[in-house]
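Trainee: Residues in the sequence shown are numbered consecutively from 189, following our numbering.
Sending over a structure as structure tokens; questions will come in a sec.
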Amino acid sequence: MRKLLPLIGTPSGSHPGGRSALTCRFRCGDACFHEVPNTSSNEYVGDVIAGALSRRSMMRAAAVVTVAAAGAGAVGAGQAPQAAAAVPAATASDVARRKPGARGLRFAPVAPNTADAVTVPEGYRQNVVIRWGEPILRGAPAFDPEKQTAKAQAGQFGYNCDFLALLPLPGERNRQLLVANHEYTDEILMFRGYDAANPSREQVEIAWAAHGLSAVVVEEDRKTGRLTAVPRHQLNRRVTATTDFRLTGPVAGSDLVKTSADPSGTKVLGTLNNCSGGVTPWGTTLHGEENFNQYFANSSRATDKRYGIGTGASERKWERFDKRFDVAQEPNEVHRFGYVVEFDPYDPDSTPRKHTALGRFKHEAATVRLTHDGRPVVYSGDDERFDYFYKFVSSKRMKRGTSRAVREHNLSLLDEGTLYVAKLTGDSPAIEIDGTGKLPKDGEFDGSGQWIPLATATADGAVSHVDGMSAEEVFVFTRLAGDKVGATKMDRPEDIEPNPVTGKVYVALTNNSNRGVGSNAKADEANPRNANKHGHVLELTERWNRPESTKFAWSLFLVAGDPDDPATYFAGFPKDGVSPISCPDNVAFDPYGNLWISTDGAQLGSHDGLFGVATRGERRGELKQFLTVPKGAETCGPIIQDRRVLVAVQHPGEIDGASVEKPASTWPDGPGSYVRPAVVAVWRADGGDIGC
């Protein structure tokens, strides 16, 4: 369970976060090698962590690794559990002898490995549900990578699947509707003989068609557990970089988003770099546009620099084939990306929407929790070093039902309400945070915080809460608004998910290898390690457990890395009984409230994977690895159902020096085939519930 591997020549290389240079180029435009966009003097979350320790007794620090303290970990963040009497520290085996494990996590953990395969626990089976290029629309041809066309790709499953949603299909036995994001394209692994300096128009148009979203019906074989795609179903759909979108909310029609092709400022072509997302209670899906900056070229504005938009040519050279990607020619086109997209998968004729009221930044995720009176609250992270995380509280209530009028009402819920940004505070002496990750005297990294309002959108207009910025400017230049109000700088806040069982909100902070390096801010309580290459997970409790609250408490639930490293922390659970984990990215929950974490760029010598961890009870903090993915791949889009787990295997084979001619991976179809991103389903061989 605890076996570690020596560092090997995998994607980690010397790139930040363990990514290969290839991944950095095509996924985020080498963001980690550019100047940090946030140059504000706002408080760094590391400084907050150092200043947030409450002055609790040493007894709590001694007891945090005991079984009693592990049980006390279920107390809400910011509340001090009663100090336990000093007892000998329990080991994981002590706990295991008393109980078989948290329900939903009773499986033998997968050992860290570097197999070019999806590795699952003993007693589990798997299959590839759908691969890049498989036809899903009527008339789409079979995949032929040597003769690929843009027309063919527009009817086939897209590239680099990320967020996944699995929705019910009433009336169709054993069938569900799968929705997948297609974050970005990796042309070097898509096209034989690809010349990055001189891509062809056909290659560029194929890439446009491989971006976006896919909706495809899938069918379960009840005898075996296999899940397979149903091609040419009437609900199957592709959304690409050239699909019509509707711009809604307070920015629609603004001069900031009008272009020569769209003088109305309400119609946008396409969606780009869709990373994680969410499912709404009214049956639609949300998709965050993340590293949109990399597709645009030739900028010279300070506002664009804050978003990491370059001054020269783009990596893919799309500006050669469509002037909308050239900021010098179309300065407002870039203002039409970086939003949360809403997609209605049950209506194949619907126009997807970009909700400007949720702000413009590098959205990682958009997850929904309802208030007691039925108003949606949406959480979203801005995936950049030293940037912020946000929430939007709607002023409109969701309606129940499936009529067209009800669905149209619900599609407008995210256009009116207030956008907030998080500020974390603390009160402990900085001297207790030495940059190694050593626990402070109270045995926990924790603090309090507030949601600062940025702007409010109504049916009659919008109001800014930020001095010196109009409401339209707040919603278009949201990062600058966060700078002005003193939001807390975070370490790449990625997926943010509320626990459906407890209501607590979990924030995955992937890493920040720049902390404490040079003139950069050093460790603090919220970020307790210098050169943090492994990341951590923050647990947030809204005041009174009401998502619309403007105050919250927080604690670090998990500080990732090798459990033998004293810098790591697993909610107080004995560290001899947990799997090593590095670089948390996407998160999800199972029916029992356990947190499942997928990783991106693991720095411990093993491939990335999927992990489950108990969030409450005696097992709180017990983390177990459920699967690993192939060489060069990232684990994305986890879905945890009663009887099945789904993951998106993104960018397999994306290793420095790899190409079509020199593949680094042969997954999923073996030697002689193109490496292909794909969706994988995992189930118990005996048909039982996952982890039970």
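Even for Gly, the Cβ is constructed at its ideal location relative to N, Cα and C.
1) Just the C-alpha distance for ASN424 and THR337, rounded to the nearest angstrom, thanks.
2) Over what stretch of residues does the alpha helix (DSSP H) that includes ASP514 continue unbroken?
3) Between the alpha carbons of LYS739 and TYR347, how many angstroms are there, rounded?
4) With a threshold of 7 Å on Cβ separation, who are the neighbours of VAL151 within its own chain once the five nearest residues in sequence on each side are excluded?
5) Please list, in chain order, all residues of the same chain as ARG831 whose beta carbon is under 8 Å from its beta carbon, the five residues on each side excluded.
6) Excluding sequence positions up to five away, which residues of its chain have a Cβ less than 6 Å from the Cβ of LYS672?
7) Name the two residues that bound the continuous beta strand (DSSP E) containing LYS542.
8) Kindly give me the distance between the Cβ atoms of PHE777 and ASN687, rounded to whole angstroms, as I take these residues to be in contact under 8 Å.
9) What residues in its chain sit with their C-beta under 8 Å from that of PHE577, if we drop five residues either side in the sequence?
10) Go ahead and pull the three-state DSSP assignment for TRP639.
11) Using only alpha-carbon positions, find the residue among GLN791, LEU601, ALA342 and ARG864 that is nearest to THR698.
12) Exposed or buried, which one is ASN386 when buried takes at least 16 other CB atoms within 10 Å?
13) Tell me the rounded alpha-carbon separation between VAL594 and ARG703.
14) Since PRO818 contacts TRP784 with CB under 8 Å, what's their CB separation in whole angstroms?
15) So within the segment 668-697, which uninterrupted beta strand (DSSP E) runs reach at least 3 residues, ignoring any that extend past its ends?
16) State the start and end residues of the unbroken beta strand (DSSP E) segment that holds ASP630.
17) Select from ALA719, ALA714 and THR211 the residue whose C-alpha is nearest the C-alpha of GLY706.
18) Please classify ASN369: does DSSP put it in a helix, a strand, or coil?
19) Would you mind reading off the limits of the beta strand (DSSP E) that contains GLN813?
20) If you follow the beta strand (DSSP E) that ASN462 is in, where does it begin and where does it stop?
21) Taking the alpha helix (DSSP H) that ASN598 falls in, what are its first and last residues?
22) Helix, strand or coil for ASN733? Go by DSSP, reduced to three states.
23) Identify the continuous beta strand (DSSP E) that holds THR787 and give its terminal residues.
24) Over the uninterrupted alpha helix (DSSP H) stretch that includes TRP396, give me the two end residues.
25) Can you look up GLY879 in the DSSP assignment and give me helix, strand or coil?
26) Is the separation between the beta-carbon of GLY631 and that of PRO754 shorter than 8 Å?
27) Starting from THR491, trace the alpha helix (DSSP H) both ways and give me its first and last residue.
28) Tell me which same chain residues have a C-beta within less than 8 Å of the C-beta of GLY674, skipping the five on either side of it?
29) Would you tell me roughly how many angstroms separate the C-alpha atoms of GLY825 and THR491, rounded to the nearest one?
30) Apart from the five residues on each side of it in sequence, which residues of its chain come closer than 8 Å, Cβ to Cβ, to GLU390?
31) Between the segment 551-564 and the segment 585-593, are three or more C-beta pairs nearer than 8 Å?
32) Looking at the unbroken beta strand (DSSP E) that takes in GLN829, where does it start and where does it end?
33) In angstroms, rounded to a whole number, what distance separates the CA positions of ARG213 and GLY723?
34) Can you tell me whether ASN702 sits near the ligand NAD, meaning its C-beta is under 7 Å from at least one heavy atom of the ligand?
35) Check whether the Cβ atoms of ALA821 and VAL837 sit closer than 8 Å, and answer yes or no.
36) Alpha carbons only, please: which of ARG380, PRO356 and VAL392 is nearest the one belonging to GLU408?
Mentor: Taking the structure as given:
1) 20 Å
2) ASP514 -> no alpha helix (DSSP H), and no H or E assigned at all.
3) Cα atoms of LYS739 and TYR347: separation of roughly 40 Å, rounded to the nearest angstrom.
4) Nothing can be reported for residue 151: it is not among the residues displayed for the chain, which extend from 189 to 880.
5) GLY413, TRP871, ARG872, GLY875, GLY876, ASP877 and ILE878
6) VAL654
7) That run of the beta strand (DSSP E) goes 541-543.
8) 6 Å
9) TYR567, SER568, GLY569, ASP570, VAL609, ALA610, MET678, PRO681, ILE684 and VAL695
10) strand
11) GLN791
12) The residue is exposed, with fewer than 16 neighbouring Cβ atoms inside 10 Å.
13) 48 Å
14) About 19 Å separates the two Cβ atoms, so there is no contact after all.
15) Runs of the beta strand (DSSP E) inside the segment 668-697: 681-686 and 693-697.
16) Counting along the chain, ASP630 falls outside any beta strand (DSSP E), and DSSP gives it neither H nor E.
17) For GLY706, the nearest C-alpha among the options comes from ALA719.
18) strand
19) 811-816
20) 462-467
21) 592-598
22) helix
23) 783-787
24) Residues 389-398.
25) Three-state result, GLY879: coil.
26) no
27) 490-493
28) ASN230, GLU231, LYS611 and ILE640
29) 31 Å
30) THR337 and ALA338
31) yes
32) Secondary structure note for GLN829: it is in no beta strand (DSSP E), with a DSSP letter that is neither H nor E.
33) 22 Å
34) Annotation note on the ligand NAD: not contained in the displayed structure, which lists no ligands.
35) yes
36) Distances from the alpha-carbon of GLU408 to those of ARG380, PRO356 and VAL392 put PRO356 closest.
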